[in-house]
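In the working numbering, the protein residues as written are 184 to 852.
Glycine residues also receive a C-beta, built at the ideal position from the N, C-alpha and C atoms.
Here the structure is laid out as structure tokens; the discussion comes afterwards.
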Ligand SMILES: Cc1cc2nc3c(=O)[nH]c(=O)nc-3n(C[C@H](O)[C@H](O)[C@H](O)COP(=O)(O)OP(=O)(O)OC[C@H]3O[C@@H](n4cnc5c(N)ncnc54)[C@H](O)[C@@H]3O)c2cc1C
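Encoded structure:
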């Protein structure tokens, strides 16, 4: 059966040499001559670069001079140039969907070594496209207006930078952070590598700007519970946990903390990694934004098992006085927000050092994680910057073990990118604070950043010892008098070529970066994908590094993979720029390759509904039929294949088009 025989179509065919990419393996003129004789084909040409301006002009000229009403281009992947050629066809005066593209580069010339066979394959693919394009229908690109407001999820340095960039450009931004304060991991650091500039000095001004920016609505202690809608028109439900403090009325005077019935801090202090204690009413850290206290119902005497008991004499309320900021009756609230674009910046968590039991974390009190050391060396930390160990001594010798939970097939295969650098930063700070002898145990030293290799040189000059080799174990088992009462690191020194035992007072584990524990939930909520290691997946690692597969949703920072602050900030700026470009365009153009339901044939079985990965299908109870939201449909075709009554059709992929294509490819022998 030849589809074109029954059609009165005038097809123009173009085969591209792509320099020698295609022409070296496919005889392009021979394919053009073959196609010329097919029914419906008015002209058939081969050309060196069809995507070039002259190539596109050729198509436009031919459409006009030869009254073409269909165009086929055989060249590279449609991913690269389908839009280019559709635009050329439209500029020639045709509906852009009267066009079909054949990939004879990735699917043919690049994967074959026999020119005769590759040429025959190109002819078969071209024949298929000619038969298919004859069945193409005129379609329209729809324009959907875009809401100008933006949601940023996660208030670490990535979220802060993205929110500020958008807000300074005049956009209204909602910044949702699940902790009582923004700041993320950076807020815990004393200094940042490689410049050793004070983290608080560079972060705090940005945090207060966010807190007071007229275009930013800061929603701390909050999480996104649900997202509905589609690019340009998202409705996001934000759940706000009760702080038991009215934000607008709290001045951050902290009188309530001073007057709490607990005279001394007694409870686990998350911000200080458990190295310090806090009261039930607390502010996470001095520069917290907003400067508003929170009450922890798990430990406050006024609650039992989270339920209000009114058993405490509530001296915090008395201390708050006329401000009346404390409200024990506060409940969780939900709020719906309408936005056009979303930037997800939910960051990372550090590897749990207990998963490598041979390094003794949790067993030996003087084994610390790097994040704990960040707090110990910090002037606003639990020891006001004095490095004293859990046993009260100041360390005289410290071993830092790199790659804990990184570059290890048993835990995480990836390199966490920042551990070499932050280990050196901590080596410098620990030396500065204690004058201790410091050894760093590394697999490879990775310092690929501006000023990073120079920082390594500086540490060598400071007398830090670097030993190349993966540490086997940390033990308290002494084999000699000098090991008595010490932690001993056993390592194969791969440069010296023998196994060493080195005793230390303190051991620091440079734990790697991992996806957040709830990354899969967040991924599902925002219709994103995760890579095999669990970080959010970008649309293209080189060409679309901050876009996701869901339009209008962008990612930035360590939620996409391990990275340092400079890279995080650069990426956050890029995500904001992409979101701005979308908003300022004012509308979204939607591909018409969507699916639709033939109402007369739908039996209402609902089998398509749970299969749709974009939640685009709902059930219309009044009609007892499924219905597809065109704006949400991405044209994946899952529902079309699954529909038992064949009542779902997809534009550009209807049965007639597909069967004609199959006939075409089989027609060539
Ligand atoms: C020990 C250590 C030391 C380091 N030192 C340096 C250094 O000196 N210099 C340097 O350049 N880099 C350093 N880094 C790397 C640096 O921490 C990261 O580059 C940076 O924190 C990434 O920022 P982020 O905003 O992407 O993520 P994060 O800092 O993790 O911030 C993410 C934020 O999102 C919030 N969040 C998470 N999930 C949700 C949710 N579902 N809803 C709402 N909010 C959510 C979190 O509470 C957090 O506030 C270090 C890393 C470590 C582990």
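**Asked** When you compare only the Cα positions, how much space is there between residue 440 and residue 561?
**Response** As a position in the chain shown, residue 440 is number 257, starting the count at 1. As a position in the chain shown, residue 561 is number 378, starting the count at 1. Between residue 440 and residue 561, the C-alpha separation is close to 22 Å.
**Message:** So, with DSSP's three-state summary, where would you put residue 281?
**Reply:** Residue mapping note: residue 281 aligns to position 98 of the chain shown, counting from 1. Under the three-state reduction of DSSP, residue 281 is assigned to coil, being neither helix nor strand.
**Prompt:** With respect to 7 Å, is the separation between the Cβ of residue 463 and the closest non-hydrogen atom of ligand 1 below this value?
**Reply:** On the chain shown, residue 463 is found 280 positions in, with the first residue counted as 1. Flag unset: Cβ of residue 463 not near ligand 1.
**Message:** Does residue 931 come out as helix, strand or coil in the three-state DSSP assignment?
**Reply:** This structure leaves residue 931 out entirely; the chain is present only between 184 and 852.
**Message:** Across the region 188 to 204 and the region 226 to 244, are there enough close Cβ pairs to call them in contact, namely three or more that are closer than 8 Å?
**Reply:** Short answer: they touch.
**Item:** Reduced DSSP secondary structure (H/G/I, E/B, other) of residue 384
**Value:** For the purposes of this step, residue 384 is identified with residue 201 of the chain shown, where counting begins at 1. Looking at residue 384 - three-state DSSP - the assignment turns out to be helix.
**Request:** Per DSSP, which residues does residue 258 bridge with? Please list them.
**Result:** Stepping through the chain shown from its first residue, residue 258 is reached at position 75. Per DSSP, 286.
**Outcome for residue 853 when other beta-carbon atoms lying within 10 angstroms are tallied against a minimum of 16** = Outside the shown range of the chain, which is 184 to 852, sits residue 853, and nothing can be said about it.
**Request:** Please find out if some non-hydrogen atom of ligand 1 comes closer than 7 Å to the beta-carbon of residue 337.
**Result:** Stepping through the chain shown from its first residue, residue 337 is reached at position 154. The answer is yes for residue 337.
**Prompt:** DSSP three-state call for residue 239: helix, strand or coil?
**Reply:** Within the chain shown, numbered from 1, the residue matching residue 239 stands at position 56. Of the three classes helix, strand and coil, the one that applies to residue 239 here is helix, per DSSP.
**Asked** Just to confirm, are residue 675 and residue 655 a CB contact at a threshold of 8 Å?
**Response** Walking along the chain shown from the start, residue 675 turns up at place 492. Walking along the chain shown from the start, residue 655 turns up at place 472. Going by C-beta atoms, residue 675 is nearer than 8 Å to residue 655.
**Nearest-angstrom Cβ-Cβ length linking residue 336 and residue 529, presumed shorter than 8 Å** = Looking up residue 336 in the chain shown gives position 153. Looking up residue 529 in the chain shown gives position 346. The pair is a contact, with the Cβ atoms about 6 Å apart (cut-off 8 Å).
**Item:** Option nearest residue 580 by Cα separation, candidates 691, 846 and 307
**Value:** One-based indexing of the chain shown puts residue 580 at position 397. Comparing alpha carbon positions, the residue from 691, 846 and 307 closest to residue 580 is 691.
**Prompt:** Counting Cβ pairs, one atom from each stretch, are 3 or more of them under 8 Å apart for the region 304 to 322 and the region 831 to 843?
**Reply:** Taking 8 Å as the limit for Cβ pairs, the verdict is that the region 831 to 843 does touch the region 304 to 322.
**residue 266 in three-state terms, based on DSSP** = Along the chain shown, one-based indexing puts residue 266 at 83. The answer is helix: DSSP assigns residue 266 an H, G or I state.
**Request:** Spell out a yes or no on whether the region 329 to 344 and the region 508 to 515 are touching, meaning 3 or more CB-CB pairs, one atom from each, closer than 8 Å.
**Result:** Result no; under three Cβ-Cβ pairs closer than 8 Å.
**Message:** So within the region 712 to 792, which uninterrupted beta strand (DSSP E) runs reach at least 3 residues, ignoring any that extend past its ends?
**Reply:** Here the runs fully enclosed are 736 to 738, 770 to 773 and 778 to 780.
**Request:** Put residue 675 into one of helix, strand or coil per three-state DSSP.
**Result:** For this step, residue 675 is matched to residue 492 along the chain shown. Looking at residue 675 - three-state DSSP - the assignment turns out to be strand.
**Item:** Alpha carbon of residue 255 to alpha carbon of residue 224, nearest angstrom
**Value:** Numbered from 1 along the chain shown, position 72 holds the residue referred to as residue 255. Numbered from 1 along the chain shown, position 41 holds the residue referred to as residue 224. C-alpha of residue 255 to C-alpha of residue 224: approximately 10 Å in a straight line.
**Item:** Three-way DSSP call (helix, strand, coil) for residue 422 in this model
**Value:** For this step, residue 422 is matched to residue 239 along the chain shown. The answer is strand: DSSP assigns residue 422 an E or B state.
**Message:** DSSP has residue 521 in a bridge; who is on the other side?
**Reply:** On the chain shown, position 338 is the one that residue 521 refers to. Residue pairing by DSSP places residue 521 opposite 418 in a beta bridge.
**Prompt:** If you draw a straight line from the alpha carbon of residue 303 to that of residue 214, how long is it in whole angstroms?
**Reply:** Here the question's residue 303 lines up with position 120 in the chain shown. Here the question's residue 214 lines up with position 31 in the chain shown. So the two alpha carbons sit approximately 8 Å from each other.
**Prompt:** Hey, quick one: how far does the beta strand (DSSP E) through residue 887 stretch, first residue to last?
**Reply:** One cannot answer for residue 887 here, as it falls past the ends of the chain, which runs 184 to 852.
**Item:** Where the beta strand (DSSP E) through residue 566 begins and ends
**Value:** Working through the chain shown from its first residue, we reach residue 566 at position 383. Looking at the DSSP string, residue 566 is not in any beta strand (DSSP E), and its letter there is neither H nor E.
**Message:** Do residue 582 and residue 624 have their beta-carbon atoms positioned less than 8 Å apart in this structure?
**Reply:** Here residue 624 corresponds to residue number 441 of the chain shown, with the count starting at 1. Here residue 582 corresponds to residue number 399 of the chain shown, with the count starting at 1. Yes, these two residues count as a Cβ contact at 8 Å.
**Asked** What is the residue span of the beta strand (DSSP E) that residue 228 lies within?
**Response** Translated into positions along the chain shown, residue 228 becomes position 45. Segment 224 to 230, the beta strand (DSSP E) holding residue 228.
**Message:** When you compare the region 720 to 737 with the region 701 to 712, are there three or more beta-carbon pairs, one atom per stretch, that lie closer than 8 Å?
**Reply:** Two segments are said to touch when three or more pairs of C-beta atoms, one from each, lie closer than 8 Å; by this definition the region 720 to 737 touches the region 701 to 712.
**Request:** Counting only the same chain and skipping the five closest in sequence on each side, list residues whose C-beta sits under 8 Å from that of residue 281.
**Result:** In the chain shown, counting from the first residue as 1, residue 281 sits at position 98. Around residue 281: 252, 253, 254, 272, 316, 319 and 321.
**Request:** Indicate the three-state DSSP secondary structure (helix, strand or coil) for residue 375 in the structure shown.
**Result:** The sequence position of residue 375 within the chain shown is 192, counting from 1. In this structure, residue 375 counts as strand in the three-state DSSP scheme.
**C-alpha gap between residue 649 and residue 471, whole angstroms** = Reading the chain shown from its first residue, position 466 is the one you call residue 649. Reading the chain shown from its first residue, position 288 is the one you call residue 471. In this structure, the CA atom of residue 649 is about 37 Å from the CA atom of residue 471.
**Message:** Between residue 742 and ligand 1, is there a pair consisting of the residue's CB and a ligand heavy atom that are separated by less than 7 Å?
**Reply:** Within the chain shown, numbered from 1, the residue matching residue 742 stands at position 559. Yes, since a heavy atom of ligand 1 falls inside the 7 Å radius drawn around the Cβ of residue 742.
**Message:** For a test of the three-state rule: what should DSSP assign to residue 576, helix, strand or coil?
**Reply:** Here residue 576 is taken as the residue at index 393 of the chain shown, counted from 1. Reduced to three states, the DSSP call for residue 576 is coil.
**Prompt:** What's the C-alpha gap between residue 300 and residue 238?
**Reply:** As a first step, residue 300 must be located in the chain shown, where it is residue number 117. As a first step, residue 238 must be located in the chain shown, where it is residue number 55. For residue 300 and residue 238, the distance between alpha carbons rounds to 27 Å.
**Message:** Considering only DSSP beta bridges, list what residue 694 is partnered with.
**Reply:** Mapped onto the chain shown, residue 694 falls at position 511. Residue pairing by DSSP places residue 694 opposite 587 in a beta bridge.
**Message:** For a test of your reading of the model: does the CB of residue 518 fall under 7 Å from any non-hydrogen atom of ligand 1? Yes or no.
**Reply:** Here residue 518 refers to the residue found at position 335 of the chain shown. Because no heavy atom of ligand 1 lies under 7 Å away, the Cβ of residue 518 does not count as near it: no.
**Segments of 3+ residues assigned as beta strand (DSSP E) that fall wholly inside the region 786 to 847** = List check, beta strand (DSSP E) in window: 800 to 803, 808 to 811 and 831 to 833.
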